[in-house]
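Structure record follows, encoded as structure tokens.
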Amino acid sequence: MQSATQAPSTGGRWGFAHVPALDGLRGAAVGAVLIYHLGHLDGGYLGVDLFFVLSGFLITSLLLAENAGNGRVALGEFWSRRARRLMPALLVLLVGVAAYAQWVARPVDLGAMRSDALATLAYVANWHFILQGTSYWDISLAPSPLQHTWSLAIEEQFYVLWPLVVVGLFSWARKRERSAELTVARFAGWGALISAAWLVTLHLWGASDTRVYQGTDTRAAALLIGAALAAWHRMRPVGESKLDRYAKPIGWVAGVVLAASWIWFSGTSPWLYRGGLAAVSLLAAIVVWAVVRGGGPAASLLSIAPLRWLGLISYGLYLWHWPIYQWIDAHNGRLPFLGDRVVSGVALVLLKLAVSLAISILSYVVIEQPIRHSKLRGRPLLATSLSSMAVVAVLIVVSTTGAVSVPGQITSVNNPTVEVVGAPRVLYVGDSVSLSLVEPVVKDPKAFGINPINRGLPGCSIVAQGRESRNFAGQAISPPRCFPGLDDELVNFKPDVVFLMQGSRPNDQVKIDGKWVGACAPEWNEAFRTSVHDFVSRLQAAEVPVVIGTVARTSVNNIIHIPDSDQRIACANAQLKSVVDELPGTHLLDMDEFVCPDPSAPCREEIDGDEIRPDGLHYGKGPAGLAVADWVVGQVLERADLKRSVAD
Numbered sequence: 036m037q038s039a040t041q042a043p044s045t046g047g048r049w050g051f052a053h054v055p056a057l058d059g060l061r062g063a064a065v066g067a068v069l070i071y072h073l074g075h076l077d078g079g080y081l082g083v084d085l086f087f088v089l090s091g092f093l094i095t096s097l098l099l100a101e102n103a104g105n106g107r108v109a110l111g112e113f114w115s116r117r118a119r120r121l122m123p124a125l126l127v128l129l130v131g132v133a134a135y136a137q138w139v140a141r142p143v144d145l146g147a148m149r150s151d152a153l154a155t156l157a158y159v160a161n162w163h164f165i166l167q168g169t170s171y172w173d174i175s176l177a178p179s180p181l182q183h184t185w186s187l188a189i190e191e192q193f194y195v196l197w198p199l200v201v202v203g204l205f206s207w208a209r210k211r212e213r214s215a216e217l218t219v220a221r222f223a224g225w226g227a228l229i230s231a232a233w234l235v236t237l238h239l240w241g242a243s244d245t246r247v248y249q250g251t252d253t254r255a256a257a258l259l260i261g262a263a264l265a266a267w268h269r270m271r272p273v274g275e276s277k278l279d280r281y282a283k284p285i286g287w288v289a290g291v292v293l294a295a296s297w298i299w300f301s302g303t304s305p306w307l308y309r310g311g312l313a314a315v316s317l318l319a320a321i322v323v324w325a326v327v328r329g330g331g332p333a334a335s336l337l338s339i340a341p342l343r344w345l346g347l348i349s350y351g352l353y354l355w356h357w358p359i360y361q362w363i364d365a366h367n368g369r370l371p372f373l374g375d376r377v378v379s380g381v382a383l384v385l386l387k388l389a390v391s392l393a394i395s396i397l398s399y400v401v402i403e404q405p406i407r408h409s410k411l412r413g414r415p416l417l418a419t420s421l422s423s424m425a426v427v428a429v430l431i432v433v434s435t436t437g438a439v440s441v442p443g444q445i446t447s448v449n450n451p452t453v454e455v456v457g458a459p460r461v462l463y464v465g466d467s468v469s470l471s472l473v474e475p476v477v478k479d480p481k482a483f484g485i486n487p488i489n490r491g492l493p494g495c496s497i498v499a500q501g502r503e504s505r506n507f508a509g510q511a512i513s514p515p516r517c518f519p520g521l522d523d524e525l526v527n528f529k530p531d532v533v534f535l536m537q538g539s540r541p542n543d544q545v546k547i548d549g550k551w552v553g554a555c556a557p558e559w560n561e562a563f564r565t566s567v568h569d570f571v572s573r574l575q576a577a578e579v580p581v582v583i584g585t586v587a588r589t590s591v592n593n594i595i596h597i598p599d600s601d602q603r604i605a606c607a608n609a610q611l612k613s614v615v616d617e618l619p620g621t622h623l624l625d626m627d628e629f630v631c632p633d634p635s636a637p638c639r640e641e642i643d644g645d646e647i648r649p650d651g652l653h654y655g656k657g658p659a660g661l662a663v664a665d666w667v668v669g670q671v672l673e674r675a676d677l678k679r680s681v682a683d
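For any residue, its number in the working numbering is found by taking its place in the sequence shown, counting from 1, and adding 35.
Okay, here's the thing in structure tokens:
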């Protein structure tokens, strides 16, 4: 996240000099986000809220100080400082993304890269992801290398709009001979309250988590809390407020609670959208207040060199770390500059951090600082900025030319309305991979010789039911309740056989006894086996045979680049086999028999030139996908000792 500005050095009775501890706070915040994106520190994403509060505080402090010193705010100069500080590094990042798109990315990735990059360039990435339905918590396909820029977009929108509002408030206060600081404090305070209440309201109305979490209107609360704190701080010189004497102990308590929230509160916690985000922002504001008003041991701790240093490069570090993580994961930890050695575990974590730090330092020294302190101002700066943005936009469009469409993740399948007389009834359950297999069947059940019905749901995870869950990128997800209405379906549809499949779920993690575990961990293996066992037993109680489909090995075309994926898939499949061995009347369908028939070779990618899994995960809608769906139907019926209906 960006280091919005150095702490104002206004000096004097009403200002405050540079506060090193604020750099340390930025360092702590960006560190939390980096660790969260490594798959650790459940609440590390809340570091973004600390950034928001800091940005609101620092920017408003600058505006108030300039108004107090000059009687006005030079908006043009303010925005030119923002442009010199923030735009160069972002443009270089987008050039890097364009280069990746041109020479590395596959055609199926290019369409999303183009739209994401253009939205990032226009500083509207948050609304782009909201309209796109891309969830920060559940990146079910390939995570965008620009997914994290939603927060930068919110801050940039704030930097454009808030100075205009503040200048208007200054004018209003001046005409009425009111205190500018008090006017800003009241406006920001009420604005924060309205924004926080609006967030809760949208959540209760059923808005998506993405809309609630990434909306500028809902997240403005944190920025405005920081702004209100800045105004209050200028109203009361340090030492003149009775509260100042308690700043040190209150700051310690707030800091400990804030740190605890970073450790324990996942993105799916119910409290998050019911006042939790506002509470975290208030805690962050209390910590900032304690640092600038009370100093003491907490400020000394935050002023240590490593944290301050991280704070200074926090903007570049936030910009670069996520695409670097994705790039390293895309190579499955096998990088050319390491001689194609495979890196995993702690070494992989250290590699990601080292590369992120190296590029961020380079960005800070070579790009950010020289341009920030350059003499480029006024119209030359505007012309340079607009022309640079235009050039980058052209690079993005040109580098993403040749994009090919990939079937979107199926969200639902309409079950057939006409029954195939005499055909066996097959009930499909599972996630979106199961949906991709049943979709062609329900469109033309007569051609497949069965009566299918779908009760699968995208993201369905048997092992995650009733548990906290996160995806392979370490981001909290909210899997749906699997198989709603299943008991009624067993009575009304009366299936002759049930086909169960879980697509990419082995790469997710669940929390068991306070510990995050994934496939191959003994706790996960037992939980997964038990969950499948209980579900199958439930079906067998209705005297319905069950065929369980294994998870096929990873496709080389998979847009989900997950290290050690095949190993986890093998562990999950071993648990499925264990259930089949335990429960009579249950059968295993090894998807590798058709999709990956040679264990020593990569999986089949095409059939007669048509891709089997266009995105590497879901089965396609073309002839190859139909061939897989038809093979599955035949294998399921064979295991249940059933026969297709012969077409007239």
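All C-beta atoms in this analysis are idealised placements derived from N, C-alpha and C, irrespective of residue type, glycine included.
The structure presented is a predicted model; accordingly, all values stated were derived computationally and were not measured.
Measuring only the C-alpha atoms, how far is G79 from A64? 8 Å
Complete runs of the beta strand (DSSP E) confined to the segment 413-438 [at least 3 residues]: none
Sequence-distant residues of its chain with Cβ nearer than 7 Å to G331 (five each side left out): K283
Looking only at C-alpha atoms, which of L126, V663 and A67 sits nearest to S422? L126
What are the boundary residues of the alpha helix (DSSP H) that includes W240? W240 -> no alpha helix (DSSP H), and no H or E assigned at all.
Over what stretch of residues does the alpha helix (DSSP H) that includes I396 continue unbroken? G380 to L397
Per-residue burial, L337 [other beta carbons within 10 Å of its own, 16 or more giving buried]: buried
Excluding the 5 residues preceding and the 5 following N527 in the sequence, name in chain order all residues of the same chain whose CB lies nearer than 6 Å to its CB. none
C-alpha distance - I174 paired with D543, whole-angstrom precision: With a pLDDT of 43 at I174, under the threshold of 50, the modelled position of this residue cannot be trusted; read the value that follows with caution. Those two C-alpha atoms are separated by around 11 Å.
Under the three-state DSSP convention, the category E454 falls into: coil
Residue range of the unbroken beta strand (DSSP E) whose run includes Q544: Q544 to I547
8 Å contact criterion, which P580 and V532 should meet: CB distance rounded: 5 Å
Nearest neighbour of I431, chosen from V108, R149 and A140 [CA to CA]: R149
In this structure, how does DSSP classify L672 when only helix, strand and coil are distinguished? helix
Verify whether the separation of the beta carbon atoms of V571 and V498 is less than 7 Å. no
Where E191 falls: helix, strand or coil (DSSP): helix
Quick check: the Cα distance between F518 and S471, rounded to an integer number of angstroms? 17 Å
In whole angstroms, what is the alpha-carbon distance linking R120 and S96? 17 Å
Tell me which residues share the same chain as Q41 and place their Cβ nearer than 7 Å to its Cβ, disregarding the 5 neighbours each side in the sequence. Unreliable placement is indicated for Q41, whose pLDDT of 42 sits below 50; the coordinate value is still reported in the next sentence. Here the set comprises H53.
To the nearest angstrom, how far is the alpha carbon of M536 from that of R564? 14 Å
Could you give the distance in angstroms between the alpha-carbon of A294 and the alpha-carbon of A314? 13 Å
Could you compute how far the alpha carbon of D279 sits from the alpha carbon of V273? 7 Å
Using 10 angstroms around the beta-carbon of K387, count the other beta-carbons present and answer buried if the total reaches 16, otherwise exposed. buried
Among I485, P514 and A554, the one whose alpha carbon lies nearest that of P530: I485
Beta-carbon proximity of P514 to S504, cut-off 7 Å: yes
Which residues in the same chain have their Cβ closer than 8 Å to the Cβ of G111, if we skip the five residues on either side of it in sequence? G413
Once the 5 residues before and after A607 are set aside, which same chain residues still bring their CB inside 7 Å of it? P541, A554, F563 and V586
Closest Cα partner of N161 within the set G241, D84 and Q192: Q192
Quick check on the burial criterion: 16 or more other C-beta atoms within 10 angstroms. Buried or exposed for L196? exposed
Which residue from D633, G494, W355 and F483 puts its Cα closest to that of V464? G494
If you follow the alpha helix (DSSP H) that L347 is part of, which residue opens it and which one closes it? A340 to L347
Cβ distance (whole Å) where L99 is taken to contact A215 below 8 Å: 7 Å
Going by Cα to Cα distance, which pick from G224, P305, R117 and D625 is closest to L264? G224
So, does the segment 615-622 touch the segment 657-669, judging by three or more C-beta pairs under 8 Å? no
With a threshold of 8 Å, are at least 3 pairs of Cβ atoms found where one atom belongs to the segment 198-218 and the other to the segment 249-256? no
Would you report the Cα separation of L57 and L623, rounded to the nearest angstrom? 58 Å
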